[in-house]
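Structure, as structure tokens:
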Amino acid sequence: MKKLAYTFLLLLTASTIITSCRDKKTAGEKIEDGIEEVGDGIEDAADEVEDAID
Numbered sequence: 001m002k003k004l005a006y007t008f009l010l011l012l013t014a015s016t017i018i019t020s021c022r023d024k025k026t027a028g029e030k031i032e033d034g035i036e037e038v039g040d041g042i043e044d045a046a047d048e049v050e051d052a053i054d
């Protein structure tokens with residue numbers, strides 16, 4: 001029974017540590033990241049169109 005309790009506590013501690021180490025971004029940072037991804041997608045598409053024209 002002790003083994004089960006120790007295992008549970010270990011898992012609970014590990015999950016707490018993993019959750020607390022995540023990057024916490026503000027809404028503004030998330031928006032900036034999204035805009036950058038869209039911009040990168042547009043650039044890639046423009047390059048593909050340019051290559052198709054050549």
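Sequential numbering from 1 applies to the sequence shown in my numbering.
Glycine is no exception: its CB is placed at the ideal position from the N, C-alpha and C atoms.
If you draw a straight line from the Cα of A5 to the Cα of D40, it is about 49 Å long. Each residue's CA atom was taken as its position, placing A14 and K2 some 18 Å apart. Counted as a single uninterrupted DSSP element, the alpha helix (DSSP H) harbouring D40 occupies residues A27 to I53.
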